[in-house]
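For reference, the structure is listed below as structure tokens.
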Amino acid sequence: MALNRSRVDVLCVPQDIDLSPASDSWDDALVRWSADGLVCADRPTAQFIGGGAKGIRLDHPTGRVVYGNQLGGFHVTCPSCGAGLARAFASAMEASRQDTRSSPVATVRCPRCDTATPLPEVDARPPIQIGRCAVVFVDVGGVELTDRGREAVEELLGPFAVIFRRTS
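For the sequence shown, my numbering begins at 1 and goes up steadily by one.
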């Protein structure tokens, strides 16, 4: 019998793809969340996310990245005609990684209908989000943030997208 060695992480990614909170903001948030009972011994409680989680961290890469599923990947299509955009998306994302905060967001040009779509607006299944940071709930027991949990994350990140990531 094969063992299931994958886990599900829940990622909260700012809708502002260039937002990246300062490290002291993250530290302050953890202290506040611990005092409010949302985090206990560095683990999110069921008061934060249904079923709790084994850990929480701020992912803070050096540039823009795609947050999405890691096992099984995701499928990217043109929002106008539905054509697959894997190659065009990969090229645009690579260019976007090199961009500075003041650079415009790269666009993906559809090879079928020639529509230019900003990277964050392509259709992806399962959903993805591009950003410079994410609050990561590691190995969750459930995938729903509580109302208090949503408010806490929004206080740190502003409006955000919730992304599910299956990983090993």
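Glycine included, C-beta positions come from ideal geometry on N, C-alpha and C.
Are CYS12 and ILE130 close, meaning C-beta to C-beta below 9 Å?
At the C-beta level, CYS12 and ILE130 stay beyond 9 Å of one another.
Measure the beta-carbon distance from HIS60 to CYS110 and round it to whole angstroms, keeping in mind my assumption that it falls under 8 Å.
Actually they are not in contact, since the Cβ atoms of HIS60 and CYS110 sit about 32 Å apart, beyond 8 Å.
Residue range of the alpha helix (DSSP H) that includes ASP27:
Counted as a single uninterrupted DSSP element, the alpha helix (DSSP H) harbouring ASP27 occupies residues 23 to 35.
Taking 9 Å as the threshold (C-beta atoms), are ILE49 and LEU30 in contact?
The Cβ-Cβ distance between LEU30 and ILE49 does not fall below 9 Å.
Given SER6 as reference, the closest of GLY149, GLY72, THR115 and PRO126 once Cα atoms are compared:
With distances taken between Cα atoms, SER6 lies closest to GLY72.
Can you grab the Cα-Cα spacing for the pair MET93 / ASN69, in whole Å?
If I take the Cα positions, the gap works out to 16 Å.
Across the stretch 84 to 93 and the stretch 107 to 125, are there enough close Cβ pairs to call them in contact, namely three or more that are closer than 8 Å?
With the cut-off at 8 Å, the stretch 84 to 93 and the stretch 107 to 125 touch.
By Cβ distance, which residues of its chain are closer than 7 Å to GLY51, with the 5 residues on each side in sequence left out?
So the qualifying residues of the chain are VAL140, GLY141 and GLY142.
If contacts are defined as beta-carbon pairs under 8 Å, then VAL153 and ALA53 qualify, I think. What distance do you get, rounded to the angstrom?
By a beta-carbon distance limit of 8 Å, VAL153 does not contact ALA53. Their separation comes to about 13 Å.
Would you mind reading off the limits of the beta strand (DSSP E) that contains ARG166?
Residues 160 to 167.
Take the Cβ of GLY63 as the centre, count every other Cβ of all protein chains shown within 10 Å, and call the residue buried at 16 or more, exposed below.
GLY63 is exposed by the Cβ-count criterion.
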